[in-house]
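Notes follow the structure.
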């Protein structure tokens with residue numbers, strides 16, 4: 043029986059393993075964390091349907107638990123990758139007939155943007171921090187009080203040449219709208235402001251959710267970047283920005299500032315480029331063989347890609363690409 047190794051046990055890797063199992067290909071998932079699921083484990087609900095992330099992940103785990111010829115190795119890290127073998131950090135070498143790299147992405151470190159005060163001022167949080175609060179069932183300030191006014195800043199670590207992150211992270215806009223609605227559902231009387239450069243609501247149901255945020259939840263959208271954040275004597279945050287639609291500067295006192303952090307490429311990608319003969323894009327994400335006919339193929343025969351390792355993607359796109367990568371592997375193996 044042919045054997046494929048999948049590097050990364052996130053949603054793309056899990057879906058890839060399921061599809062390969064159904065096609066009669068033995069699969070081993072290598073995951074560096076102690077559990078499968080990747081970043082999805084930390085999300086609360088998914089846009090645009092507000093489906094619980096745990097519900098999606100639980101279904102995937104159940105399917106994997108009943109799948110045949112799937113081996114899962116958690117707490118393991120791959121240090122060397124070739125089309126015929128993967129070496130783990132322990133020194134163990136696993137033989138294979140093909141490899142799928144589904145290592146996903148890394149969240150931008152908001153500490154780098156010091157002007158926003160993350161890690162300096164209380165109640166400046168990231169979108170990932172806010173998801174954890176949603177999962178815990180409570181969103182509170184450092185004082186234990188509930189926020190009455192929240193500002194959400196888009197594109198932190200995206201479309202920003204100053205931090206070498208020129209690319210759009212694709213899901214930040216819709217995440218900001220989703221989180222604004224969640225905040226309004228928790229605190230109907232609160233004021234929520236979204237500061238954005240451009241609203242990019244590209245997917246099915248996304249534009250409708252954006253309109254719903256304004257019409258049903260009275261979420262405020264301000265086109266402009268926040269230039270400065272400072273604490274006030276009453277333990278609030280004062281933000282300075284410019285409304286580029288009116289051309290006027292503004293100051294706003296808020297209880298909480300949420301930074302929508304973008305996706306950045308994994309540091310592993312540079313190692314793969316140097317040691318495995320693979321190529322990275324200028325953004326740091328892996329370069330597929332072809333954007334149209336070979337978007338899950340690498341430049342090395344027998345090595346494939348799935349999910350956000352090549353570019354920012356949402357959950358549905360990552361799952362679909364996991365299936366696509368699996369079928370590309372099956373086709374490639376059939377010709378050997």
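Numbering (the numbering used here), first residue to last: 43 to 378. C-beta: ideal position from N, C-alpha, C; glycine also.
Report task. Excluding the 5 residues preceding and the 5 following residue 70 in the sequence, name in chain order all residues of the same chain whose CB lies nearer than 6 Å to its CB. Result -> Take residue 70, set aside five residues on each side of it, and the residues of its chain with a beta-carbon closer than 6 Å to its own are 47 and 113, in chain order.
Query raised in the report: Once you ignore the five residues that flank residue 219 on each side, which residues in its own chain have a CB closer than 6 Å to its CB?
Result: Correct list, in chain order: 251, 252 and 255.
**Report entry** 8 Å Cβ cutoff met for residue 208 and residue 325
**Finding:** Yes; because the gap between Cβ atoms is below 8 Å, this pair is in contact.
Query raised in the report: Can you tell me whether residue 161 is buried or exposed, with buried defined as 16 or more other CB within 10 angstroms of its CB?
Result: Its Cβ having fewer than 16 others within 10 Å, residue 161 is exposed.
Report task. Below 8 Å on the Cβ atoms is my guess for residue 367 versus residue 346; work out the distance and round it to an integer in Å. Result -> With a Cβ gap of about 5 Å, residue 367 and residue 346 count as contacting.
Query - For residue 322: DSSP bridge partner residues - result: In the DSSP output, where bridge partners are listed per residue, residue 322 has 328.
Query raised in the report: Between the segment 165-172 and the segment 292-300, do at least 3 Cβ pairs fall closer than 8 Å?
Result: Touching, yes.
Query raised in the report: residue 51 and residue 116 look like a contact to me (Cβ under 8 Å); what is the Cβ gap, rounded to whole Å?
Result: That pair is a contact at about 7 Å.
**Report entry** 8 Å contact criterion, which residue 21 and residue 213 should meet: CB distance rounded
**Finding:** With the chain running from 43 to 378 in the structure shown, residue 21 is simply not present.
Query - Identity of the residue in 215, 190 and 274 nearest residue 249 by Cα - result: The candidate whose alpha carbon is nearest that of residue 249 is 215.
Query raised in the report: According to DSSP, is residue 368 helix, strand or coil?
Result: Helix, per DSSP.
**Report entry** Simplified DSSP assignment, three categories, for residue 312
**Finding:** Three-state DSSP puts residue 312 in a helix.
Report task. Flag this pair as yes or no: are the beta carbons of residue 89 and residue 188 separated by less than 8 Å? Result -> No; because the gap between Cβ atoms is not below 8 Å, this pair is not in contact.
**Report entry** Nearest candidate by alpha-carbon position, reference residue 265, set 246, 328, 285 and 225
**Finding:** Comparing Cα positions, the closest option is 285.
Query raised in the report: Straight-line CA distance for residue 108 to residue 101?
Result: If I take the Cα positions, the gap works out to 11 Å.
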